[in-house]
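As structure tokens, the structure follows; a few thoughts come after it.
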Amino acid sequence: MDVEKLKEDWVGLEFDVVEFEMSGEEMVAWAETCGETAPRFTDPGDPDFQAPATFTAKFLGRRAFPKGFPQIGRGPGFDAGKSVEIHAPVRPGDVLTARSHIADIYPKTGRSGPMLFIVHRMIFENQNGDRVSVVDWRRVLQPEEKLS
Amino acid sequence: MSDGKRRLFSQVELGDELPDLHPDVSMPVVYRFAHDAAYMPAARFIDHEGARKEGLPAAIVPGIMSQGLLASLVHRWCPEANILRIDTIFRAPVLVDSDPVCRGVVTATDDESRTVEIDLTIVNESNETRVVGTAHVALPVD
Numbered sequence: 009m010d011v012e013k014l015k016e017d018w019v020g021l022e023f024d025v026v027e028f029e030m031s032g033e034e035m036v037a038w039a040e041t042c043g044e045t046a047p048r049f050t051d052p053g054d055p056d057f058q059a060p061a062t063f064t065a066k067f068l069g070r071r072a073f074p075k076g077f078p079q080i081g082r083g084p085g086f087d088a089g090k091s092v093e094i095h096a097p098v099r100p101g102d103v104l105t106a107r108s109h110i111a112d113i114y115p116k117t118g119r120s121g122p123m124l125f126i127v128h129r130m131i132f133e134n135q136n137g138d139r140v141s142v143v144d145w146r147r148v149l150q151p152e153e154k155l156s
Numbered sequence: 005m006s007d008g009k010r011r012l013f014s015q016v017e018l019g020d021e022l023p024d025l026h027p028d029v030s031m032p033v034v035y036r037f038a039h040d041a042a043y044m045p046a047a048r049f050i051d052h053e054g055a056r057k058e059g060l061p062a063a064i065v066p067g068i069m070s071q072g073l074l075a076s077l078v079h080r081w082c083p084e085a086n087i088l089r090i091d092t093i094f095r096a097p098v099l100v101d102s103d104p105v106c107r108g109v110v111t112a113t114d115d116e117s118r119t120v121e122i123d124l125t126i127v128n129e130s131n132e133t134r135v136v137g138t139a140h141v142a143l144p145v146d
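Chains A and B, in that order, give the protein sequences. At position 113 of the first sequence the residue is numbered 121 (the numbering used here), and the sequence of numbers has no breaks. At position 2 of the second sequence the residue is numbered 6 (the numbering used here), and the sequence of numbers has no breaks.
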């Protein structure tokens with residue numbers, strides 16, 4: 009499998025756009041179950057009430073890969089990690105638009121053989137067009153053929 | 005836990021350790037997270053038997069919840085902190101109904117931006133690392 013060719017074909021291509029309405033109840037549930045104690049995360053009456061920092065990491069697009077992306081290995085792979093950049097607070101009632109693209113593709117070799125990391129990036133903007141967060145979701149696929 | 009005091013950038017030094025956080029990852033809490041916060045009610049998160057059928061040792065804490073626990077560790081240390089970026093690697097599962105510990109240590113400070121870098125980990129009862137991460141955090145200056 010030619011990793012450089014995969015990158016050339018797929019990195020940077022926007023393949024999904026989804027809207028999400030932000031719920032204050034879900035923000036409180038997230039904050040309380042994750043152990044937040046600051047009122048700006050737990051109390052909807054706080055003047056600065058906002059979503060916990062990593063809240064947007066929960067949103068998934070309609071698809072994990074672009075249409076036509078090759079099947080690599082068996083199954084959907086596994087979630088190897090998440091990175092969240094926080095640009096601005098997310099408030100209840102905000103409507104976020106998330107745009108997805110593949111940000112990077114890179115190989116690694118592990119104990120169980122070759123692994124291919126696919127970085128699925130979702131960029132979230134609010135209803136005013138302000139960027140509020142960027143979430144990178146690193147999915148690991150285990151190809152059955154050699155990577156080059 | 006937070007010591008209840010404001011923590012300013014000028015008070016933080018390289019190598020400072022954040023107070024350990026012993027999060028509640030019991031089934032009722034993880035169930036609530038999965039149902040009410042994240043809407044990801046998969047068996048592997050909320051049902052030990054269902055998780056075992058998928059080859060896991062028990063139900064596992066969702067990765068995004070582990071990341072949320074680490075964000076909470078930072079805010080308990082400094083309630084006014086603003087996390088600018090947090091990156092986590094899910095090395096191994098954190099099990100539901102286990103007794104993990106979240107830890108953090110300041111590894112860099114930047115006088116110009118008044119920000120710090122914090123290395124983050126979640127370890128299990130055997131002190132085995134399950135999640136590692138870093139956070140870039142802005143701290144209050146006055």
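All residues carry an ideal CB built from backbone N, CA and C; glycine is no exception.
query = When burial is assigned at 16 or more other CB atoms within 10 Å of the CB, is HIS128/A buried or exposed?
reply = buried
inquiry  = Check whether chain B comes within 8 Å of TRP38/A, counting only Cβ atoms and requiring the distance to be less than that.
reply    = yes
Buried versus exposed, by CB contacts within 10 Å (16 or more), GLY89/A = buried
message = Taking only three categories from DSSP, how would you classify LYS116/A?
response = strand
task = Starting from the C-beta of ARG10/B, find all residues in its chain whose C-beta is less than 6 Å away, skip the five residues before and the five after it, and write them out in chain order.
result = none
ask   = If you drop the 5 nearest sequence neighbours on each side, which residues of the same chain put their C-beta closer than 6 Å to that of LEU73/B?
value = PRO27, CYS106
message = Among VAL25/A, GLU27/A, VAL148/A, whose alpha-carbon lies nearest the alpha-carbon of ALA118/A?
response = The sequence as given places Gly at residue 118/A; Ala does not occur at that position. Measuring from the Cα of GLY118/A, the nearest candidate turns out to be VAL148/A.
message = Using beta carbons (cut-off 8 Å, strictly below), is LEU21/A in contact with chain B?
response = Chain B contact via Cβ: absent.
query = Is the segment 53-61 of chain A in contact with the segment 51-59 of chain B, if contact means three or more CB pairs nearer than 8 Å?
reply = With fewer than three CB-CB distances shorter than 8 Å, the segment 53-61 of chain A does not count as touching the segment 51-59 of chain B.
query = With a CB to CB cut of under 8 Å and the five nearest residues on each side skipped, what residues in its chain are close to ALA42/B?
reply = PRO66, ILE68, MET69
message = Taking its Cβ as the centre, do 16 or more other Cβ atoms sit within 10 Å of SER6/B, making it buried, or is it exposed?
response = Here SER6/B scores only 49 on pLDDT, less than 50, and its place in the model should not be relied on; the value that follows carries that caveat. Under this definition SER6/B is an exposed residue.
query = In its own chain, which residues sit with a C-beta less than 7 Å from the C-beta of ILE64/B, not counting the 5 before and 5 after it?
reply = ARG48, PHE49, ALA55, PRO97, VAL98, LEU99, VAL100
query = Rounded to a whole number of angstroms, what is the C-alpha to C-alpha distance between ALA85/B and THR62/A?
reply = 14 Å
query = Assuming ALA106/A contacts PHE132/A under a Cβ cut-off of 8 Å, what Cβ separation, rounded to an integer in Å, is found between them?
reply = 5 Å
message = Check this for me: beta carbons of MET30/A and GLY101/A, under 8 Å apart or not?
response = yes
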